[in-house]
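**Q** Please find one structure pasted underneath; my questions will follow.
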Amino acid sequence: MLMKATMQKLNALGLYGMAIELESQLANTNSSNLSFEDRISILIDQEMLHRDNNRMRSLLRRAKLRESACMEDIEYSASRGVERSNIASLSLCHWIENATNIIITGSTGVGKTWIACALGNLSCRHGKSTLFIRLSTLLEELAIAKALKKLGKKITYFSRIDVLIIDDFGLVDVDMDGKNNLLEIIEARTGRGSTIITSQIPVENWHDYLSKSKNPTIADALLDRLLGNSFRINLKGDSMRKLKKK
């Protein structure tokens, strides 16, 4: 009866990991051979693990990753341009700590979005806030926020995310308002958070893409902040979708 009350109190206090572990220990006769200190230590460890797992699941849910990808499943081949040494280096997450941007380019279907989502998954597993969003959706949300006079709040929200993944950069035209808003976000993130960009357009053509409004100044500023501290992955080869179908 006393143990039942203890279980109820643990759950009431939100110590669900400890409650689960205590129930497990009570069901396991071998647990009685452990010292009091060892059993308390295991209870605390399980509570921390339970909270870490809950936090990771929450981060993954909020990240809205388009692909269920992880670094361990990346396919390596010379024809793809994916080197094990580079992926191993990224797996250490120094790029997050140093607020380094990652630029992933290549033709359609080569796996740009998949690798970006694998990096996003890695970020969540390290307890970092992450968000996946297509450029078209980002621009639309900013335009709506401006119409509602909430643009500043929206820019602040995007600027505070640890790892922001912007997918399909270059597929939609960006008007002057969009470029200004994008610059505000990237400027606020510089030195503070990592931005992952996927694009079918080679980096050397980005300036032309951003200068369509005949104002190269914003393009210069954006590229300076995006590319100044960045790691680039240029994917090659055939479409991974076609290969998987075969």
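So the sequence shown is numbered by this note's numbering: it starts at 8 and just counts up by one.
Glycine included, C-beta positions come from ideal geometry on N, C-alpha and C.
1) Please report the distance separating the alpha-carbon of residue 253 from that of residue 55.
2) Counting pairs of beta carbons, one from the segment 62 to 80 and one from the segment 218 to 230, are three or more of them closer than 8 Å?
3) In the DSSP output, which residue or residues are listed as bridge partners for residue 174?
4) Which one of 78, 235, 144 and 106 has the shortest CA to CA distance from residue 121?
5) Taking only runs that begin and end inside the segment 157 to 226, name each unbroken alpha helix (DSSP H) of 4 or more residues, in chain order.
6) Output the distance between the C-alpha atoms of residue 21 and residue 164, rounded to the nearest integer angstrom.
7) For residue 144 and residue 170, which I take to be in contact (beta-carbon distance under 8 Å), what is that distance rounded to the nearest angstrom?
8) Could you tell me which uninterrupted beta strand (DSSP E) segments, each at least 3 residues in length, are contained entirely in the segment 28 to 114, listed from first to last along the chain?
9) Beta carbon of residue 198, beta carbon of residue 106: below 8 Å?
10) How big is the Cα-Cα spacing for residue 94 and residue 204?
11) When you measure from the CB of residue 18 to every non-hydrogen atom of the ligand NAP, does any distance come out below 7 Å?
12) Note down, in chain order, each residue of its chain lying with its Cβ closer than 8 Å to the Cβ of residue 146, except the 5 sequence neighbours on either side.
13) Per DSSP, what kind of secondary structure is residue 241 in: helix, strand or coil?
14) In chain order, what residues of the same chain lie with their CB nearer than 6 Å to the CB of residue 109, ignoring the 5 residues before and after it?
15) Cα separation between residue 116 and residue 191?
16) Is there at least one Cβ from chain B nearer than 8 Å to residue 46's Cβ?
17) Residue 72 and residue 118: beta carbons closer than 8 Å?
18) Expressed to the nearest angstrom, what Euclidean distance is found between the alpha-carbon atoms of residue 9 and residue 90?
19) What does the Cβ neighbour count give for residue 28, buried or exposed, with the cut at 16 atoms within 10 Å?
20) What residue range is occupied by the uninterrupted alpha helix (DSSP H) comprising residue 119?
21) By how many angstroms is the C-alpha of residue 149 removed from the C-alpha of residue 162?
22) Please return the same chain residues whose Cβ sits closer than 6 Å to the Cβ of residue 339, not counting the five positions on each side in sequence.
23) What residue does the alpha helix (DSSP H) around residue 11 start on, and which one ends it?
24) Please name the residue, chosen from 228, 222, 175 and 229, that lies closest to residue 208 on a Cα-to-Cα basis.
**A** Answer, in terms of the structure:
1) Here the model assigns residue 253 a pLDDT of 48, short of 50, so the residue's position is not dependable, and the following value carries that caveat. Rounded to whole angstroms, residue 253 to residue 55 spans 45 Å at the Cα level.
2) no
3) 141
4) It is 78.
5) 158 to 166, 183 to 196 and 213 to 217
6) Near 29 Å, if we compare the C-alpha coordinates of residue 164 and residue 21.
7) 17 Å between Cβ atoms; not a contact.
8) With a minimum length of 3 residues, the continuous beta strand (DSSP E) runs that stay inside the segment 28 to 114 are 108 to 112.
9) yes
10) 16 Å
11) Because no ligand of any kind appears in the structure shown, any question about the ligand NAP cannot be addressed here.
12) So the list reads 179, 181, 185, 188 and 189, once near-sequence residues are dropped.
13) strand
14) Taking C-beta separations shorter than 6 Å and ignoring five residues to either side along the sequence, the partners of residue 109 in its chain run 203 and 238, following chain order.
15) 30 Å
16) The structure shown contains no chain B, having only a single protein chain.
17) No, they are not a contact pair.
18) 59 Å
19) Label assigned to residue 28: buried.
20) 119 to 132
21) 8 Å
22) The chain is shown from 8 up to 253; residue 339 falls before or after that span and cannot be answered.
23) 9 to 19
24) 175
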